[in-house]
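Per my numbering, the sequence shown starts with residue 101, numbered consecutively.
Glycine included, each C-beta is placed from N, C-alpha and C at the ideal position.
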Amino acid sequence: MDLGIRGKWGIVEAASKGLGKGSAAALAAEGVNLILNARGKETLEDTAAEIKEANPDIQLLTFAGDITEPQVRDALIKMAPQIDILVTNAGGPAPGNFRTDTRERWLAALEAQLIGHADMITKVVDGMVARKFGRIVNITSASVKMPVENLGLSTAARMALTGFASTISRELVQHNVVINNLLPGPFETDRLTGNMRFAAEQAGEAYEDVYAARVSKNPAKRFGTAEEFGAVCAFLCSTHVGFMTAQNVLMDGGAFPGNI
Ligand code: NAP
101 MDLGIRGKWG IVEAASKGLG KGSAAALAAE GVNLILNARG KETLEDTAAE
151 IKEANPDIQL LTFAGDITEP QVRDALIKMA PQIDILVTNA GGPAPGNFRT
201 DTRERWLAAL EAQLIGHADM ITKVVDGMVA RKFGRIVNIT SASVKMPVEN
251 LGLSTAARMA LTGFASTISR ELVQHNVVIN NLLPGPFETD RLTGNMRFAA
301 EQAGEAYEDV YAARVSKNPA KRFGTAEEFG AVCAFLCSTH VGFMTAQNVL
351 MDGGAFPGNI
């Protein structure tokens with residue numbers, strides 16, 4: 101299937117590793133010109149070089165910086181002639197028992213998972229409306245549908261972003277600007293292995309045992325891959341989703357225990 105987005109310009113936030121990188125690679129394979137962001141310059145440049153080597157025809161720019169900082173977001177937007185596609189993403193807050201969630205932790209989580217993304221969306225949508233094309237994908241989490249122990253902060257902030265996106269999407273869809281959320285369940289990235297190490301420490305168990313237990317609990321009997329995630333993200337950025345907005349697309353190997 102031709103996704104119809106060759107030559108468009110897209111920003112992928114937090115894209116040097118994991119799900120952001122998978123999304124960037126899939127968009128690049130569809131011919132999308134990209135601006136990639138992450139904080140660590142070296143890994144970001146390595147990722148950009150890898151993607152560019154596989155897709156020599158696209159234009160690929162990078163900007164190293166913390167996406168929670170307003171000046172970083174402004175810089176990203178200014179780098180391209182126009183923004184047609186935006187994939188919002190950031191590292192999730194460190195897991196923790198809610199009793200240790202200080203005001204500072206709350207504010208940091210809201211900044212990373214809500215305020216920064218809402219700000220970026222707000223800054224790009226009017227240009228998209230004017231050009232009658234816009235695709236926004238928020239990388240949120242399966243925890244939006246089903247709570248995950250020790251991730252209360254992250255879930256609360258992501259649910260707020262979901263509500264914001266849902267509200268504004270009704271105004272934007274008539275202009276062929278759509279916003280959908282992609283909800284990862286367990287994908288084998290640094291984030292997942294970090295969370296499992298935390299869980300193992302808390303429970304006094306071996307990391308390998310926690311890993312094996314998590315895999316066996318998933319109906320797919322494996323974790324997802326960044327490539328699988330990226331392919332779905334690219335589809336949600338395609339010309340084919342103009343009649344689909346404010347949806348929460350869950351990728352979790354069937355772990356969500358409901359019919360709908
Ligand atoms: P990952 O493998 O740890 O990669 C995170 C990426 O984000 C890295 O490129 C990192 O690079 C960048 N990053 C982190 N904080 C940033 C910031 N403030 N500004 C700019 N870039 C930043 O994580 P992942 O698994 O891809 O997770 C991506 C998102 O999905 C996270 O919010 C995570 O909580 C969520 N999620 C993941 C899973 C899963 O199973 N993997 C499940 C549910 C939800 P730098 O460190 O160099 O900045």
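Q) Cβ-heavy atom distance between T289 and ligand 1 below 7 angstroms? A) yes
Q: Go ahead and pull the three-state DSSP assignment for L134.
A: strand
Q.
Strictly by DSSP, which residues pair up with P195?
A. None, per the DSSP bridge assignment.
Q) Which residues in the same chain have their Cβ closer than 7 angstroms to the Cβ of M101, if we skip the five residues on either side of it in sequence? A) Excluding positions up to five away in sequence, the list is empty.
Q) Just to confirm, are G285 and G324 a CB contact at a threshold of 8 angstroms? A) yes
(Q) Within 8 angstroms, do at least three Cβ pairs link the region 263-283 to the region 219-234? (A) yes
Q: Let me know the secondary structure DSSP gives R173 once reduced to three states.
A: helix
Q. Just reading off the beta strand (DSSP E) that M351 is part of, what are its end residues?
A. 348-351
Q. Using the rule of at least 16 other Cβ atoms within 10 Å of the residue's Cβ for burial, across every protein chain shown, is I360 buried or exposed?
A. Exposed is the call here.
(Q) Can you tell me whether L272 is buried or exposed? The criterion is at least 16 other CB atoms within 10 Å of its CB, across all chains shown. (A) Its Cβ being crowded by 16 or more others within 10 Å, L272 is buried.
Q. Among V112, N250, G252, F163, which one has its Cα closest to the Cα of V187?
A. The shortest Cα separation from V187 among V112, N250, G252, F163 belongs to V112.
(Q) Can you give me the C-alpha to C-alpha distance between K117 and G192, rounded to a whole angstrom? (A) 13 angstroms
Q) Which one or two residues does DSSP pair with R297 in a beta bridge? A) DSSP output for R297 lists no bridge partner at all.
Q. So who's on the other strand from G234, going by DSSP bridges?
A. V277
Q. Excluding sequence positions up to five away, which residues of its chain have a Cβ less than 6 angstroms from the Cβ of I148?
A. Residue identity differs from the one stated: residue 148 is Ala in this sequence, not Ile. L136, L160, T162.
Q. Where DSSP assigns a beta bridge to W206, which residues make up the other side?
A. Its beta-bridge partners do not exist; DSSP assigns none.
Q. Is E327 near G122, with beta carbons less than 8 angstroms apart?
A. Result yes, Cβ atoms of E327 and G122 sit closer than 8 angstroms.
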